[in-house]
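Colleague:
Chains as they are written, first to last, in the working numbering: chain G, 1 to 433; chain P, 1 to 251.
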């Protein structure tokens, strides 16, 4: 954590205002200790303020204030995504595990428990992970909302993969109350050689604060595919904190549709040699109320590791997109291969994309490339398509999908990717009318 | 078929007149060629007819089969049967060539109130047409024109023309950037499409292309007007003597 400094009075005030209405949940001694330590981190850092370095582009006010603004529930009338895929479903309704709606949690190669149960157990492996990866993430950049999460979360999944998990696990979120203020904390541990695909779908709450800690041991593979939306009034801050062992793989892809404010953070530490991490996202936003923020921090702390960041945003009618991505290559992390691209396609002059790409490199034998672009629809390509008889709206959609394709290609499983492409096409079609 | 009357066009962004009264009629089944020095307005004519933005028609008209073209959107002109083979075909990363063509074929059919082509039928037709143009399966799968050589791009234009079966084809300097073999292949593709109901307007700098695609009528364009019209012998005259004599003669 950064050296103590004098906190802005307003930060102190808003932090106290938020904390005064909250009490630390009970639990086993280790759980209470973890919560108290997290609370102390929040008090030291203070909750985010617009003057904080990584909150200049995204107003944290509604994420920080004591009561969340109301958000209407949304039913798009669609069947659940990936209904045709054999998967284990775990349902949370407004942040509360719903055993009746969920599948049986027993599955080969994995032990799945509920956080609220685990936190009451005197002896549990989660003791060494809960709040630990989150806390490590604070060392590079302050993430007070994740610390707040660790202090107050009462629900979530605690998942221990010991081998190849036979089917994907789908966390399905349902939003039923217009003022639900939800904190979920998932703790995921993959043993050596384990392999797990985790899916996340659905609107979770009016305000959603989610932290996911993922420990990926040597030779293990973690695959994460997430779809956020189509709820229109969502406010969400999510954080993934992961640490990768030797020759392990981490892949995370997020598709975001709608929502008022979504901030997705991802903090990755490559600590074992030859590890590979990919974090990618595609987002489509419509209207001046739409604000989407991807904030990524990747630390290379081992030899011959690869990291990829691929983010694409399509923004229209005054929507705002933010990308803040940093690659830190420590002195010993030779042979690092770091790649970062963030691009936006602005469909009108009112929309905006704010990008802050950063590289900090202390090793001398590395390849790191980064690029960030903002552009409009290519008029030449649009005319070419129209000259072949494709109507303007359809031609524009084709070009939008073509733009997003590079990010979608990061999804390994084609069945999952195709279903997401259908959703995207639906989103575009609805806006064409 | 294509009827252009007294067409005056200026650039939208600057006050520069490019076309200064073009008159031209292409009858069904005929091939007309337009030749002319650089900057004479040949490419502008092709863009204005196909509906590219950035031009303002200040006077005159253009119609296709009796329908006023200049009031239509680009896609409506295409559905009405107009096709422009681009001088510089556009690369579209992320859109597969096959997807692009199928979308175009079906969009035009839909606009004309016809049934869409099924995936199977489309595949059968495109494979046969691609084969005669020596376009392999890989080129069909790749993104539109991305990484194509100059010759491949032009062959791809002709493939689109063959799939869309337009009434009126405009070829804008289709010979540019082609070697002798590629030119032959492209010309054969064009000639295969010649029939009684279809008109062609071939824009070129050189006689060479017209050896392969034999025109019925040759026009010489200079400074935004058609200054001379004749038979195929006119193209030979240009090849031998350049434009200087013709320009002097008209002046």
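In this text, a Cβ means the ideal position worked out from N, Cα and C, and glycines have one as well.
DSSP three-state label for residue 384 of chain G, please.
Modeller: Three-state result, residue 384 of chain G: helix.
Colleague: Rounded to whole angstroms, what is the Cα-Cα separation between residue 110 of chain P and residue 165 of chain P?
Modeller: If you take the alpha carbons of residue 110 of chain P and residue 165 of chain P, they lie about 15 Å apart.
Colleague: Leaving out the 5 sequence neighbours to the left and right, which residues in its chain are closer than 6 Å to residue 360 of chain G when beta-carbon positions are compared?
Modeller: Result list for residue 360 of chain G: 328, in chain order.
Colleague: Out of G:75, G:193 and G:239, which one is the CA nearest neighbour of residue 217 of chain G?
Modeller: Answer by Cα proximity: G:193.
Colleague: At the 8 Å Cβ level, is residue 402 of chain G part of the contact set with chain P, yes or no?
Modeller: At least one chain P Cβ lies under 8 Å of residue 402 of chain G.
Colleague: Quick check on DSSP: helix, strand or coil for residue 144 of chain G?
Modeller: Here residue 144 of chain G sits in helix by DSSP.
Colleague: Tell me, please, whether the CB atom of residue 311 of chain G is closer than 8 Å to any CB atom in chain P?
Modeller: False, the Cβ-Cβ gap to chain P never drops below 8 Å.
Colleague: Tell me, please, whether the CB atom of residue 140 of chain P is closer than 8 Å to any CB atom in chain G?
Modeller: False, the Cβ-Cβ gap to chain G never drops below 8 Å.
Colleague: Comparing C-alpha positions only, which one of G:280, G:220 and G:20 sits nearest to residue 226 of chain G?
Modeller: Answer by Cα proximity: G:280.
Colleague: Cutting at 6 Å between CB atoms, please list the residues of its own chain near residue 246 of chain P, excluding the five before and the five after it.
Modeller: If we look at residue 246 of chain P and ignore the five residues flanking it on each side, its Cβ neighbours are 220 and 228.
Colleague: What does the Cβ neighbour count give for residue 456 of chain G, buried or exposed, with the cut at 16 atoms within 10 Å?
Modeller: Any property of residue 456 of chain G remains undetermined from this structure, which presents chain G solely from 1 to 433.
Colleague: Within 8 Å of any Cβ in chain G, is that where the Cβ of residue 116 of chain P sits?
Modeller: With 8 Å as the cut-off, residue 116 of chain P does not count as an interface residue toward chain G.
Colleague: List the residues that DSSP assigns as beta-bridge partners of residue 161 of chain P.
Modeller: According to DSSP, residue 161 of chain P bridges with nothing at all.
Colleague: Provide the residue span of the beta strand (DSSP E) that contains residue 14 of chain G, from first to last.
Modeller: No beta strand (DSSP E) holds residue 14 of chain G; the alpha helix (DSSP H) holding it covers 9-20.
Colleague: What first and last residue would you give for the alpha helix (DSSP H) that runs through residue 400 of chain G?
Modeller: Unbroken alpha helix (DSSP H) run through residue 400 of chain G: 392-408.
Colleague: In the DSSP assignment, find the alpha helix (DSSP H) that holds residue 41 of chain G and state where it starts and stops.
Modeller: Residues 29-45.
Colleague: Are the CB atoms of residue 24 of chain P and residue 168 of chain P within a distance shorter than 8 Å?
Modeller: No, the Cβ-Cβ distance between residue 168 of chain P and residue 24 of chain P is not below 8 Å.
Colleague: Can you check the segment 84-162 of chain G for any alpha helix (DSSP H) of at least 4 residues that lies completely inside it and give the ranges in chain order?
Modeller: Counting only runs of 4 or more, we get 115-118, 132-138 and 144-152.
Colleague: By DSSP's criteria, residue 357 of chain G is part of a beta bridge. Which residues make up the other side?
Modeller: Bridge partners of residue 357 of chain G: G:325.
Colleague: What residue from G:148, G:345 and G:8 has the CA that sits closest to residue 209 of chain G's CA?
Modeller: The candidate whose alpha carbon is nearest that of residue 209 of chain G is G:148.
Colleague: Please state whether DSSP places residue 63 of chain P in a helix, a strand or coil.
Modeller: Note: residue 63 of chain P maps to strand in three-state DSSP.
Colleague: Taking 8 Å as the threshold (C-beta atoms), are residue 44 of chain P and residue 8 of chain P in contact?
Modeller: No; because the gap between Cβ atoms is not below 8 Å, this pair is not in contact.
Colleague: For a quick check, are the C-beta atoms of residue 143 of chain P and residue 94 of chain P less than 8 Å apart?
Modeller: In contact: residue 143 of chain P and residue 94 of chain P (Cβ atoms closer than 8 Å).
Colleague: Can you list, in chain order, the residues of its chain whose CB lies under 8 Å from that of residue 244 of chain P, leaving out five sequence neighbours each side?
Modeller: Here the set comprises nothing.
Colleague: Between the C-alpha atoms of residue 3 of chain G and residue 139 of chain G, what's the straight-line distance to the nearest angstrom?
Modeller: Low confidence applies here, because residue 3 of chain G scores a pLDDT of 49, under 50, leaving its location unreliable and the question unanswered by this model.
Colleague: Over the uninterrupted alpha helix (DSSP H) stretch that includes residue 77 of chain P, give me the two end residues.
Modeller: Element bounds for residue 77 of chain P: 74-79.
Colleague: Return the residue from the list P:249, P:231 and P:240 that minimises the CA-CA distance to residue 31 of chain P.
Modeller: Checking every option, the nearest Cα to that of residue 31 of chain P belongs to P:231.
Colleague: Pick out whichever of P:223, P:51, P:190 and P:218 has its Cα sitting closest to the Cα of residue 237 of chain P.
Modeller: Taking only the C-alpha atoms, the option nearest residue 237 of chain P is P:218.
Colleague: With a threshold of 16 other CB atoms inside 10 Å of the CB of residue 160 of chain G, please say whether the residue is buried or exposed.
Modeller: Buried: at least 16 other Cβ atoms inside 10 Å.
Colleague: Where residue 1 of chain G and residue 156 of chain G are concerned, what is the direct C-alpha to C-alpha distance, given to the nearest angstrom?
Modeller: Note that residue 1 of chain G has pLDDT 49, beneath the 50 cutoff, so the model's placement of it is unreliable and the number below is only indicative. Cα to Cα, residue 1 of chain G sits roughly 26 Å from residue 156 of chain G.
Colleague: Count the other CB atoms within 10 Å of the CB of residue 8 of chain G; is the residue buried (16 or more) or exposed (fewer)?
Modeller: Looking at its Cβ environment, which holds fewer than 16 other Cβ atoms inside 10 Å, residue 8 of chain G is exposed.
Colleague: If we count Cβ pairs, one from each stretch, closer than 8 Å, do we get three or more for the segment 266-278 of chain G versus the segment 241-253 of chain G?
Modeller: With the cut-off at 8 Å, the segment 266-278 of chain G and the segment 241-253 of chain G touch.
Colleague: Go through its chain and collect everything with a Cβ distance to residue 69 of chain G's Cβ below 6 Å, but skip five positions before and after it.
Modeller: Within the same chain, residue 69 of chain G has close Cβ partners 62.
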